[in-house]
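Note that UniProt numbering gives residue 346 to position 346 of the sequence shown, counting from 1, and the numbers run on in steps of one.
Below is one structure, written out as structure tokens, with a few remarks after it.
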Amino acid sequence: MNQSIETDQILIRFKENPDKNTLSNYEVVDSSLNKDEKVVAVKVSSKDINEHVQELNKKGNIINAEPDYIVKRSYLPNDPHISKQWHHNILGSSVAWEKTMGMKEVIVAVIDDGIELNHSDLKDQIVFPYDVITQSRSEINQGKHGTHVAGIIAASINNQFGGSGVAPKTKIMPINVFNGEYAYTSDIIKGIHYALENGAKIINLSLGMPSYSKELEEAIQNAYQKGLVIIAAAGNESNSQFYYPAAYKEVISVSATNEQDQFASFSNFGSHIDVSAPGYNILSTLPNNQLGYMSGTSMASPMVAGAAALIWALEPHLTNLDVAKRIITAVDDLGTPGKDLYYGYGRINLEKALTLRLLRQPIVDSVSDQDIVVKGKLLDNIEEGNILVQTEIGKVYSGIANGGVFQVRLPKQSSNSKLSIIVRDHIGNVSEPTIITVLDKTPPPLSKVNEVNDKLAYVTGKSEVGATISIETANGIYYGAVKEDGTYKVKIPLQKAGTRLIVSAKDGAGNSSKLIEVIVADRTAPSKPKLTKISNKDTLIMGKAEPGSMVVIKRGKVIVGKSFSNKSGKFEIKIKKQIAGTKLSITVKDLSNNESSPLIITVIDKIPPTKPKVYSVKSTSLVVKGKTEPFAKISILLGGEKIGIGKANSKGDFTVKIKKQIKGSSLKVIASDSRNNKSYSTIQVKE
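Here it is, written out as structure tokens:
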């Protein structure tokens with residue numbers, strides 16, 4: 001029996017005898033369904049049948065209420081040999097024929113070795129025959145192979161002759177491309193062009209070769225792009241070698257199964273197989289108005305062509321891609337679960353193919369990389385709609401649509417990754433996927449902003465690749481891009497130390513990072529200090545330096561003294577007296593630890609030489625002798641007149657020539673050092 005169709009009656013089982021109050025709103029059509037008369041059938045005149053059933057099942061005196069389903073017989077043709085066509089049972093043809101047997105607007109081009117045009121099971125199905133070899137549109141080679149293939153697709157039904165094709169109301173466009181046993185690729189290409197130009201929607205190619213042809217592929221691609229469905233036999237060499245045209249990606253490649261629904265031993269196999277179909281010991285039409293059995297993937301391919309014709313007849317709005325997807329979806333998955341090398345996606349099933357339909361794509365709200373829920377709504381009124389969300393890495397998350405809307409929870413996804421969302425109902429109908437791109441709502445990280453100082457005319461750091469970096473300064477905003485390695489370098493004018501900069505990043509999606517405040521670091525060394533000369537008499541050093549800096553005085557590596565300058569830059573440093581000629585290094589170190597170049601000062605001599613000690617001078621003396629600072633210059637004065645000069649030796653001893661002086665004269669002996677510091681003694685000339 002076929003599946004149930006809509007009904008206008010309900011079956012009700014009561015706990016006790018039927019309740020008249022409960023039945024007051026219904027027309028009882030049968031109350032003698034069982035011996036105790038507790039089951040009755042009632043007719044429904046309004047509202048949805050399921051609403052009535054739900055209301056009745058809520059009543060306490062009712063055990064069960066359910067639709068009084070309507071069923072009918074599966075289609076049983078009157079063709080005498082149809083019982084010998086075992087493939088119809090396998091494919092579920094009789095159930096499929098309850099929905100459609102095909103229609104004349106769907107034309108299947110059989111590119112083969114020709115057809116017997118007057119065969120009782122084919123003559124009413126033929127349109128636009130053509131013989132590529134003779135270029136005849138009225139006469140065509142009566143090929144055994146092509147006639148058998150054509151009958152599998154569209155042999156007439158209910159004509160009390162032979163058997164029946166898979167799509168018996170479909171039209172066949174026979175195109176002969178064979179000259180004897182062989183056909184040139186060029187003639188097959190001509191046949192494809194003819195089929196395209198004359199309105200074929202489906203092309204069956206129960207032929208092939210192991211050699212790849214670029215020209216044949218382009219002809220196939222052209223037909224596919226023009227909207228045709230193309231089906232081809234996988235070959236009968238029992239190997240995995242590619243067989244063309246079946247191996248072209250635009251073609252549905254068909255392997256063969258036997259009466260036990262198992263893979264036929266002669267059939268080719270491999271990764272290029274899309275589906276399988278009955279191909280062993282198939283009864284179909286033969287020339288001279290005969291019937292006969294043939295085996296091969298050549299017989300399996302037209303089974304799929306017939307399936308395509310039925311699908312298109314039932315749903316004319318479908319595209320060739322839709323039809324192909326329906327064929328590979330509506331299968332019985334034989335062998336290894338999923339697509340395998342022998343059955344492809346599975347053996348075709350006509351009942352499923354005509355029960356399944358392509359649901360409309362779900363409408364999906366935008367999803368960002370911050371979301372953990374995919375939301376949307378359905379355009380079809382679907383019972384038990386199951387929503388499947390597949391991520392770019394292949395993980396699948398599911399949810400149920402409620403009232404036409406859905407929410408599916410999933411982990412946060414990476415921005416710019418793809419999500420594929422489909423809806424599937426309880427009988428296996430499935431939609432095309434809605435593909436969405438995950439939006440970027442995550443602000444780009446400013447993972448690093450390197451130091452900016454008063455000597456750098458740029459800002460560097462790290463952020464999200466492709467983001468735009470903005471640097472806000474006191475004198476304008478400057479921009480730069482993050483390179484492929486995640487680094488950036490944005491040129492800016494030199495900034496004063498202590499200046500505040502605002503750094504931010506914006507990605508291509510318009511997300512802005514948090515603002516980062518950067519203070520320009522001081523990397524400029526302070527100027528040398530200004531100070532007075534240092535003498536060997538000084539113990540307090542005064543001068544000026546950068547305000548708030550530390551001033552350090554060193555003798556070699558030894559710190560002689562240090563102190564900080566005040567707000568105005570003045571400083572005072574106490575030191576011990578230094579030896580004249582000593583070199584002192586004075587540096588300034590600011591608050592940023594920048595240090596000036598050293599100011600080198602030599603301690604000057606401001607201490608007068610030792611007061612000269614003068615030995616006795618007589619009126620008869622011609623020299624003045626004494627002792628003072630080594631190497632001091634000695635001057636002898638009488639009154640204001642210089643009467644002698646000399647120099648102390650390394651021990652400080654000196655002898656200065658003079659003329660004889662009068663007794664009682666007062667001589668002034670002056671010692672001068674190299675810095676012209678002076679000391680003196682006076683002495684009286686004795687007798």
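Where a beta carbon is used, it is the ideal one built from N, C-alpha and C, also for glycine.
Bear in mind that the values here come from a model prediction, so they are computed numbers and not experimental data.
GLY151 versus TYR130, GLN260, GLN290, residue with shortest Cα-Cα distance: With respect to the C-alpha of GLY151, the residue from TYR130, GLN260, GLN290 having the closest C-alpha is GLN290.
For ASP112, the first and last residue of its enclosing alpha helix (DSSP H): From DSSP, ASP112 is part of no alpha helix (DSSP H) but of the beta strand (DSSP E) over 107–112.
9 Å Cβ cutoff met for ASN176 and GLY208: Not closer than 9 Å, so no.
Boundaries of the beta strand (DSSP E) in which MET542 is found, first to last residue: Residues 540–544.
Assigned secondary structure, ARG675 (DSSP; H/G/I helix, E/B strand, else coil): Residue state, collapsed to three classes: coil.
Of the listed residues GLU315, ILE311, HIS317, GLY548, nearest to ILE328 (C-alpha basis): When each option's Cα is compared against that of ILE328, the closest is ILE311.
Three-way DSSP call (helix, strand, coil) for GLY227 in this model: Reduced to three states, the DSSP call for GLY227 is coil.
Close-in-space but distant-in-sequence residues of the same chain around HIS52 (CB under 7 Å, 5 per side omitted): Excluding sequence neighbours, HIS52 sits near ILE10, VAL44.
Contact set for LYS455: own chain, Cβ-Cβ below 8 Å, skip 5 residues either direction: Excluding its 5 nearest sequence neighbours in each direction, LYS455 has C-beta neighbours in its own chain below 8 Å: LEU494, ARG523, THR524, listed in chain order.
Proximity to LEU521 [Cα-Cα], best of VAL603, GLU687, ASN453: Reading off the sequence, residue 521 comes out as Ala, not Leu. Answer by Cα proximity: ASN453.
SER94, DSSP secondary structure in three states: Helix.
Coil, strand or helix - ASP131 by DSSP: Correct three-state label for ASP131: strand.
Cβ distance (whole Å) where LEU341 is taken to contact ILE273 below 8 Å: Between LEU341 and ILE273 a beta carbon distance of about 7 Å is seen, short of the 8 Å cut, so the two are scored as contacting.
Which of helix, strand or coil DSSP assigns to GLU66: Note: GLU66 maps to strand in three-state DSSP.
ARG434 to GLN225 span [Cα, whole Å]: Here residue 434 is Thr; the residue named in the question, Arg, does not match the sequence. Roughly 22 Å separates the two Cα atoms.
LEU410 (DSSP reduced to helix, strand or coil): LEU410: coil per DSSP, three-state reduction.
Terminal residues of the beta strand (DSSP E) in which LYS657 lies: That run of the beta strand (DSSP E) goes 653–657.
Selection from LYS144, GLY543, PRO443, VAL560 that minimises the alpha carbon distance to SER568: Nearest option by C-alpha distance: GLY543.
Residue from GLY510, GLY279, ILE387, PRO362 whose Cα sits closest to the Cα of THR257: Per the Cα distances, GLY279.
C-beta contact flag for THR297 and VAL254 at 9 Å: Against a cut-off of 9 Å, the Cβ pair of VAL254 and THR297 comes out as a contact.
ILE559, DSSP secondary structure in three states: Three-state result, ILE559: strand.
Distance, LYS530 Cα to LEU638 Cα: Taking the straight line joining both Cα atoms gives about 45 Å.
Other residues of its chain near PHE178: CB distance less than 6 Å, five sequence neighbours each side excluded: Apart from the 5 residues on each side of it in sequence, PHE178 sits with its Cβ closer than 6 Å to the Cβ of ASP113 in its chain, given in chain order.
Within the UniProt domain "Bacterial Ig" (447–522), ranges of the beta strand (DSSP E) (whole runs, at least 3 residues): 458–462, 468–473, 476–481, 487–491, 500–506, 516–519, all fully within the UniProt domain "Bacterial Ig" (447–522).
Range of the contiguous beta strand (DSSP E) that encloses LEU334: No beta strand (DSSP E) contains LEU334, which DSSP labels as neither H nor E.
Proximity of GLU250 and LEU358 at Cβ, strictly below 9 Å: Note that the C-beta distance between GLU250 and LEU358 is not below 9 Å.
Backbone secondary structure at ALA324 - three-state DSSP: In the three-state DSSP reduction, ALA324 falls in the helix class (H, G or I).
C-alpha distance - PHE406 paired with GLY428, whole-angstrom precision: Going from the Cα of PHE406 to the Cα of GLY428 covers about 18 Å.
Buried or exposed by the 16-neighbour rule on C-beta atoms within 10 Å, applied to LEU622: By the 10 Å Cβ count, LEU622 comes out exposed.
Counted within 10 angstroms of its Cβ, other Cβ atoms place TYR194 as buried (16 or more) or exposed: Classification for TYR194: buried.
Euclidean distance between Cα positions of ASN2 and GLY306: Unreliable positioning characterises ASN2 in this predicted model, as indicated by a pLDDT of 37, which lies under 50. The coordinate reading is nonetheless provided below. So the two alpha carbons sit approximately 20 Å from each other.
Residues near ILE586 by beta carbon distance below 6 Å, same chain, minus five either side: Within the same chain, ILE586 has close Cβ partners PRO529, ILE553, LEU599.
VAL44, enclosing alpha helix (DSSP H) - first and last residue: Unbroken run through VAL44: none, as it is neither H nor E.
SER512 and PRO526 closer than 9 Å at C-beta: Taking 9 Å as the Cβ cut-off, SER512 and PRO526 do not qualify as a contacting pair.
Terminal residues of the alpha helix (DSSP H) in which ILE311 lies: Start and end: 297–314.
Endpoints, beta strand (DSSP E) assigned at TYR243: Secondary structure note for TYR243: it is in no beta strand (DSSP E), with a DSSP letter that is neither H nor E.
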